[in-house]
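This report refers to the structure that appears directly beneath it.
Below is the structure:
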């Protein structure tokens, strides 16, 4: 074969290789997706590398588990939690199954680590602001006297006394609301179930908060993090192994009244929506801890977050304040790829 | 340059826009809209098929408009109307939902940049 013939053959081979790579990269046949309406939100589940029937059966079982958690821990509809809250308000002990008590113990531990900035005992305050409804509150905001009255009672998880399966409170103002925690707890349960079915590559995304295990074939799972003030994505991360990515943002649940926005993340110290922060993203192993930490660090704000992150054992944090300045831990800097131009101002702080 | 060199150069020039659109464009334009009602009813429609769709849910009818490569809720029986406030959806991964009426709208595409959106 002459030189020209060789080059023609090489050109043909090159074209074939390009098409082969392109075909491989778009192979989505091993991906299975499902969307569930549960936990008061949309739950997306993606699996990779398992057959359709295995994935479908596992997802059906996950839905059952999530529905059970939703109905057990619902804060404003009749549920096991509402029964517990009635007992606590009456100063009576409530009987709680051991598995459910685990959630309360875990939440108490995280509340203590956060200096009670994550405080699931302020259910009355959340309700006062109108966030104990499926629909968006219409306003007006509560009267200051009503907020101050609830703050004066200072309900916290420290008021709980756990003895075996008995739970009681030394403070009748304690009303439990695990809105900043139960979603993470549920995502952990879902991942445990998928693992038990031999599914090692999956994402469980509950209303924007997720835990990812394994990979999407020969590449990591890619997660886009929503811009807190505009539509679209501000940054992306690729998960590694088994990681939860949780964000608390002031855009999730809110109402506007007389041109002022009131969001749902209430600062237990002031009784008002936490100020200065637009969103906090946390990457951590288990979803329950990531969920609680995202709430606590949002409340902590741009000045206090490194201290609270250290106390909670969180090393990967991205906080965006109301001036769109981005605060990150060094470990988070290595993970985040910004998807906006120009790049934002970034302040790097160690958890301390 | 030989004839083979020309073929390679021409092929590379042809592939360049395709590769850019496939791998580097950040806001991948969606191709279809997926509407879920409850857990069992699923509709997928091309985003270039302009129409109004009336979808029944437990609270009543939600109306979804598809126009010029975009989709949005225009009417829904829920109280908060968050689905309507979500506005137009056009990029792969965009979605809005009327949770009280158990209806969601998501834009799908072949080249989704992300496996999940965190918010």
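Residue numbers (this note's numbering), protein chains in the order written: chain C, 47 to 398; chain W, 11 to 129.
In this text, a Cβ means the ideal position worked out from N, Cα and C, and glycines have one as well.
Give the secondary structure of residue i by DSSP, where H, G and I count as helix, E and B as strand, and everything else as coil.
{"i": "residue 36 (chain W)", "result": "Model confidence at residue 36 (chain W) stands at a pLDDT of 47, short of 50, so the residue's coordinates are unreliable; what they give is reported in the following sentence. Three-state result, residue 36 (chain W): coil."}
{"i": "residue 270 (chain C)", "result": "strand"}
{"i": "residue 129 (chain C)", "result": "helix"}
{"i": "residue 194 (chain C)", "result": "helix"}
{"i": "residue 123 (chain W)", "result": "coil"}
{"i": "residue 357 (chain C)", "result": "helix"}
{"i": "residue 204 (chain C)", "result": "helix"}
{"i": "residue 117 (chain W)", "result": "strand"}
{"i": "residue 68 (chain C)", "result": "Caution applies to residue 68 (chain C), whose pLDDT of 48 falls short of 50 and renders its modelled position unreliable; the value that the coordinates give is listed next. In the structure shown, residue 68 (chain C) sits in a helix (DSSP, three-state: H, G or I)."}
{"i": "residue 237 (chain C)", "result": "helix"}
{"i": "residue 299 (chain C)", "result": "coil"}
{"i": "residue 117 (chain C)", "result": "helix"}
{"i": "residue 389 (chain C)", "result": "coil"}
{"i": "residue 12 (chain W)", "result": "coil"}
{"i": "residue 102 (chain C)", "result": "helix"}
{"i": "residue 83 (chain C)", "result": "strand"}
{"i": "residue 242 (chain C)", "result": "helix"}
Can you tell me which of the options puts its alpha carbon nearest to the alpha carbon of residue i?
{"i": "residue 81 (chain C)", "options": "W:51, W:42, W:40", "result": "W:51"}
{"i": "residue 85 (chain C)", "options": "C:231, C:394, C:77, C:249", "result": "C:231"}
{"i": "residue 112 (chain W)", "options": "C:130, C:292, C:211, C:180", "result": "C:180"}
{"i": "residue 291 (chain C)", "options": "C:297, C:309, C:342, C:330", "result": "C:330"}
{"i": "residue 359 (chain C)", "options": "C:324, C:114, C:365, C:343", "result": "C:343"}
{"i": "residue 131 (chain C)", "options": "C:104, C:186, C:201", "result": "C:201"}
{"i": "residue 263 (chain C)", "options": "C:96, C:90, C:89", "result": "C:96"}
{"i": "residue 150 (chain C)", "options": "C:222, C:383, C:266", "result": "C:222"}
{"i": "residue 212 (chain C)", "options": "C:325, C:141, C:146", "result": "C:141"}
{"i": "residue 119 (chain W)", "options": "W:57, W:25, W:41, W:11", "result": "W:41"}
{"i": "residue 424 (chain C)", "options": "C:83, C:93, C:117", "result": "Nothing in the structure corresponds to residue 424 (chain C), since chain C is present only between 47 and 398."}
{"i": "residue 218 (chain C)", "options": "C:238, C:170, C:288, C:391", "result": "C:170"}
{"i": "residue 353 (chain C)", "options": "C:316, C:398, C:146, C:252", "result": "C:398"}
{"i": "residue 122 (chain C)", "options": "C:184, C:163, C:88, C:176", "result": "C:176"}
{"i": "residue 144 (chain C)", "options": "C:346, C:210, C:280, C:174", "result": "C:210"}
{"i": "residue 197 (chain C)", "options": "C:260, C:341, C:317", "result": "C:317"}
{"i": "residue 226 (chain C)", "options": "C:248, C:133, C:166", "result": "C:166"}
{"i": "residue 296 (chain C)", "options": "C:207, C:283, C:315, C:321", "result": "C:321"}
{"i": "residue 87 (chain C)", "options": "C:98, C:99, C:120", "result": "C:120"}
{"i": "residue 168 (chain C)", "options": "C:254, C:237, C:313, C:100", "result": "C:313"}
{"i": "residue 249 (chain C)", "options": "C:281, C:224, C:286, C:194", "result": "C:286"}
{"i": "residue 224 (chain C)", "options": "C:337, C:91, C:392, C:357", "result": "C:337"}
{"i": "residue 236 (chain C)", "options": "C:340, C:89, C:346", "result": "C:89"}
{"i": "residue 47 (chain W)", "options": "W:114, W:127, W:124", "result": "W:114"}
{"i": "residue 124 (chain W)", "options": "C:375, C:204, C:214, C:268", "result": "C:268"}
{"i": "residue 293 (chain C)", "options": "C:178, C:340, C:305, C:204", "result": "C:340"}
DSSP puts residue i in a beta bridge; with which residues?
{"i": "residue 402 (chain C)", "result": "Residue 402 (chain C) lies beyond the residue range present for chain C, which begins at 47 and ends at 398; the question has no answer from this structure."}
{"i": "residue 319 (chain C)", "result": "C:312"}
{"i": "residue 292 (chain C)", "result": "C:328"}
{"i": "residue 78 (chain C)", "result": "C:93"}
{"i": "residue 107 (chain W)", "result": "W:114"}
{"i": "residue 249 (chain C)", "result": "C:92, C:258"}
{"i": "residue 284 (chain C)", "result": "C:268"}
{"i": "residue 335 (chain C)", "result": "DSSP lists no partner for residue 335 (chain C)."}
{"i": "residue 306 (chain C)", "result": "C:303"}
{"i": "residue 279 (chain C)", "result": "C:272"}
{"i": "residue 128 (chain W)", "result": "C:271"}
{"i": "residue 394 (chain C)", "result": "C:374"}
Does the beta carbon of residue i come closer than 8 Å to any beta carbon on chain B?
{"i": "residue 267 (chain C)", "result": "In summary, chain B is missing from the structure at hand, where the protein chains are C and W."}
Inset, instruction - Please list the segments of the alpha helix (DSSP H) lying wholly inside the region 31-105 of chain W, counting only runs of 4 or more residues, in order along the chain. - result: Counting only unbroken stretches of 4 or more residues, the alpha helix (DSSP H) elements lying wholly within the region 31-105 of chain W are 92-95, in sequence order.
Inset, instruction - Could you pull out every unbroken alpha helix (DSSP H) segment of at least 4 residues lying fully inside the region 120-191 of chain C, listed in chain order? - result: Correct list: 126-135, 144-159, 169-174.
Legend entry - Three or more C-beta pairs below 8 Å linking the region 100-112 of chain W and the region 67-87 of chain W: Yes: at least three Cβ pairs fall under 8 Å.
Inset, instruction - Taking 8 Å as the threshold, find out whether the region 374-389 of chain C comes into contact with the region 12-27 of chain W through three or more Cβ pairs. - result: Taking a contact to require three or more Cβ pairs closer than 8 Å, the region 374-389 of chain C and the region 12-27 of chain W do not qualify as touching.
Inset, instruction - Would you mind listing the alpha helix (DSSP H) stretches within the region 341-386 of chain C that are 4+ residues and don't spill past its ends, in chain order? - result: Whole alpha helix (DSSP H) segments, 4+ residues: 376-379.
Inset, instruction - Tell me, please, whether the region 238-249 of chain C touches the region 104-120 of chain C by the rule of three or more beta-carbon pairs shorter than 8 Å. - result: Per the Cβ contact rule, the region 238-249 of chain C is in contact with the region 104-120 of chain C (3 or more Cβ pairs under 8 Å).
Legend entry - Contact the region 155-174 of chain C vs the region 294-301 of chain C: 3+ CB pairs below 8 Å: No, because fewer than three Cβ pairs between the region 155-174 of chain C and the region 294-301 of chain C fall closer than 8 Å, the two stretches do not touch.
Inset, instruction - Decide if the region 270-279 of chain C is in contact with the region 108-126 of chain C; the criterion is three or more beta carbon pairs, one per stretch, under 8 Å apart. - result: Not touching, per the Cβ criterion.
Inset, instruction - Taking 8 Å as the threshold, find out whether the region 352-366 of chain C comes into contact with the region 316-330 of chain C through three or more Cβ pairs. - result: Yes, the region 352-366 of chain C touches the region 316-330 of chain C.
Inset, instruction - Inspect the CB distances between the region 55-63 of chain W and the region 72-92 of chain W and report whether three or more fall short of 8 Å. - result: Taking a contact to require three or more Cβ pairs closer than 8 Å, the region 55-63 of chain W and the region 72-92 of chain W qualify as touching.
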